[in-house]
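1330 is the number of the first residue of the sequence shown in our numbering; add one for each residue after it. Report on the following structure.
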Amino acid sequence: MNEKLSKEDGSEHAYERVYRQIVGSLLYLTATRPDIMFAASLLARYMHGPTRKHMGTAKRVHRYIQGTLDYGIAYEKGKEAMLVGYCDSDWSGCEDDMRSTSSYAFHLGSGVFSWHQSSKAV
């Protein structure tokens, strides 16, 4: 949370292959774990030339997942069907190219049924 990443952050370069595997697994998990969508998308921006800071951030997200294994999307029968929507944006949050990030998630009853995150140039 509140981690600002950039292409050149002053730390040494990390192994791209390992970093890509870690971020790829995070992106795979976003199908059932929308709570990590922002972090996974942010880390995916640095697939080419990741640094040790990027690797540390990716490992921190994995530790978060290990501590929250019981989280996920659950749809329960008989739950009140109330539609709730959330949205958020980060205006020019990327320090490298000043891209903005916006996202939304919609819940119906007990689970999320739609979410999206996008990155746009200002």
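The beta-carbon is built from N, C-alpha and C at its ideal position, and this holds for glycine as well.
In this structure, DSSP gives Leu1398 a state outside helix and strand, which the three-state scheme calls coil.
In this structure, Thr1380 sits near Glu1341, with a CB-CB distance shorter than 8 Å. Taking a contact to require three or more Cβ pairs closer than 8 Å, the stretch 1358 to 1374 and the stretch 1405 to 1413 do not qualify as touching. With 16 or more other Cβ atoms inside 10 Å of its own Cβ, Tyr1348 counts as buried. Around the beta carbon of Thr1361, a 10 Å sphere encloses fewer than 16 other beta carbons of the protein chains shown; the residue is thus reported as exposed.
Rounded to whole angstroms, the gap between the alpha carbons of Tyr1375 and Arg1346 is 12 Å. Counting other Cβ atoms within 10 Å of its Cβ, His1383 reaches 16 or more and is therefore classed as buried. With distances taken between CA atoms, Ser1354 lies nearest to Ala1387 out of Val1441, Glu1405, Glu1337, Ala1387.
Cα atoms of Asp1417 and Ser1432: separation of roughly 6 Å, rounded to the nearest angstrom. When DSSP states are grouped into helix, strand and coil, Ala1343 belongs to the coil group.
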